[in-house]
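For the sequence shown, our numbering assigns the number -15 to the initial residue and increments by one for each residue that follows.
First the structure, in the form of structure tokens, and then the observations on it.
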Amino acid sequence: MAAQEELFHAFLIKYAEIGIKGKNRYLFEDALIRQIRFALKGAEGDFSVRKEMGRIYVEAEGAFDFDEVTERLGRVFGISGICPMVQFDYKTFADIRDRVVDYVGKVHPEGNFTFKVQTKRANKGFPMESNEINAKLGEAILAAYPSLKVNVHEPDVFFYVEVRERANIYSGVIPGPGGMPVGTSGRALLLLSGGIDSPVAGYMTAKRGVAIDAVYFHAPPYTSERAKQKVVDLAKLVSRYSGPMKLHVINFTDIQLYIYDQCPHEELTIIMRRYMMRIAEAIAGEGDALALVTGESIGQVASQTLPSLACTGEVCDLPVIRPVIGFDKQEIVDIALKIGTFETSIQPFEDCCTIFVAKHPVIKPNRKIIRRSEERLAEKIEEMVRTALKEREVMEIQG
């Protein structure tokens, strides 16, 4: 097979969900184009991204790295398929026929498979109809490669030919991540820890078109700088899909120690989570975030039983999105492996959720009792929260 960079200089970008958006489809197409352009920034080569009659094309202008480009495009939500494509000028059917025959030999040199030609004639001025083009191209391919066979029902290979202002040929589709272009569904704030679940939750939220920022609760000296760097690294990995994000790092040590000193230890995790949610909602309220996102999964740990989730969620006015709520651990791990966060997540650096764990944490918290316990914090807690928000570190993260 010819080198892919030499053969393919353009890509047809396929989308799925965007196609059913009716009169607003152009808004989603334009958002997808912006995300594609952003994804290709820094890639080897120069590229143009354009829209034409319901099609989005990425065209390389000069030399480029095929694998790098397809990898970057494969992280753009909204793309369902990436089709490496030969695009060329034509005048007559013979021009198209010769290029198609050449394409078959270069892209599929194995020469022993069934095929079907499928033509779309968008140029209505072209003197042949689609079915006639299909038949003539099939004849030419069979004449050039006698070992091939036509199968119009279940072919091994489809050869797609588009007769437009220029002609396009493609036969392979590299799967995209699907979903919706980031930014078309508003913004949310992700509670990001160093574990496996929350980066996956961020990825899944971004896949639905939601732009995300993140907040991390750091507890020095009980959590190390390496634990913090681990979360920064996870944010960078998530941002390869979600785009740039702000990471807010909250020093949670004083608040956590105060809760530890004042409240029953079996309630520590629940009360700590309630203050995390309050702080996260305050950060969300400073910007345009419309929801909080967590990596909670029902029953995975004591703080994620249904009564516990109800207890922590009641302190928020914003909706709390929990994308992995019904997943078991292996399902979450599978996604973490797919998106490249798993190996970073399992590095042995503890976060603040794990350093003061009670031997027997409450799994069915009574909200009235929890509120009564929080009254013991009234003397200092509000000022401590204000200080934590004021002194936080904000990082600009880009994968």
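Every residue, glycine too, gets a C-beta built ideally from N, C-alpha and C.
Keep in mind that this is a model prediction, so the values were computed, not measured.
Residue i versus the options, residue with shortest Cα-Cα distance
i     : options               : result
R34   : Q288, E28, F311, I20  : I20
G46   : H(-7), T76, R257, E55 : H(-7)
E250  : F97, I347, R9         : I347
M37   : G26, F333, K(-2)      : K(-2)
N115  : Y144, N96, E43, D140  : Y144
T54   : L126, S32, P159, K5   : P159
A195  : R210, P204, R171      : R171
C67   : V157, T371, V277, D30 : V157
R351  : D79, E366, R306, L293 : L293
F(-5) : A15, F48, G6          : F48
Bounding residues of the beta strand (DSSP E) (the contiguous stretch that carries residue i)
i    : result
D197 : 195 to 202
L302 : It is not in any beta strand (DSSP E) - L302 carries neither H nor E in the DSSP assignment.
S32  : 31 to 36
C295 : Here C295 belongs to no beta strand (DSSP E); instead the alpha helix (DSSP H) covers 290 to 297.
Q246 : Here Q246 belongs to no beta strand (DSSP E); instead the alpha helix (DSSP H) covers 237 to 246.
Residues near residue i in its chain [Cβ-Cβ closer than 8 Å; skip 5 each side]
i    : result
T325 : I180, P183, V184, Y187, L218, L221, V222
M164 : E1, I2, F12, F61, G62, K191, R192, G193
R388 : There is simply no residue 388 to check, as the chain begins at -15 and stops at 383 in what is shown.
V378 : K230, L231, H232, V233
Continuous alpha helix (DSSP H) stretch holding residue i: start and end
i    : result
L56  : Reading the sequence as shown, one finds Arg at residue 56 and not Leu. R56 -> alpha helix (DSSP H) spans 50 to 57.
P111 : No alpha helix (DSSP H) contains P111, which DSSP labels as neither H nor E.
L16  : 9 to 24
L221 : 209 to 226
Nonlocal neighbours in the same chain, by C-beta distance under 7 Å from residue i, ignoring five residues either side
i      : result
F311   : S281
M(-15) : Caution applies to M(-15), whose pLDDT of 44 falls short of 50 and renders its modelled position unreliable; the model cannot decide the point.
A211   : G178, F333, E334, D335
Same chain, Cβ closer than 6 Å to residue i, neighbours up to 5 away in sequence not counted
i    : result
A128 : V85
R224 : R59, G383
P228 : Q382
Q102 : F142, Y144
L394 : Past the edges of the chain, shown from -15 to 383, lies residue 394, and the structure says nothing about it.
I319 : V184
Buried versus exposed call for residue i [16 or more other C-beta atoms within 10 Å across all chains shown]
i    : result
I330 : exposed
T76  : exposed
Y10  : exposed
S32  : exposed
R257 : buried
N118 : buried
L121 : buried
Spatial distance of residue i from residue j (CA atoms)
i    : j    : result
H202 : T237 : 7 Å
Q213 : V233 : 11 Å
A264 : F333 : 23 Å
I353 : Q284 : 23 Å
F97  : A124 : 16 Å
R81  : A44  : 24 Å
G178 : E359 : 30 Å
L321 : E315 : 10 Å
V199 : L24  : 27 Å
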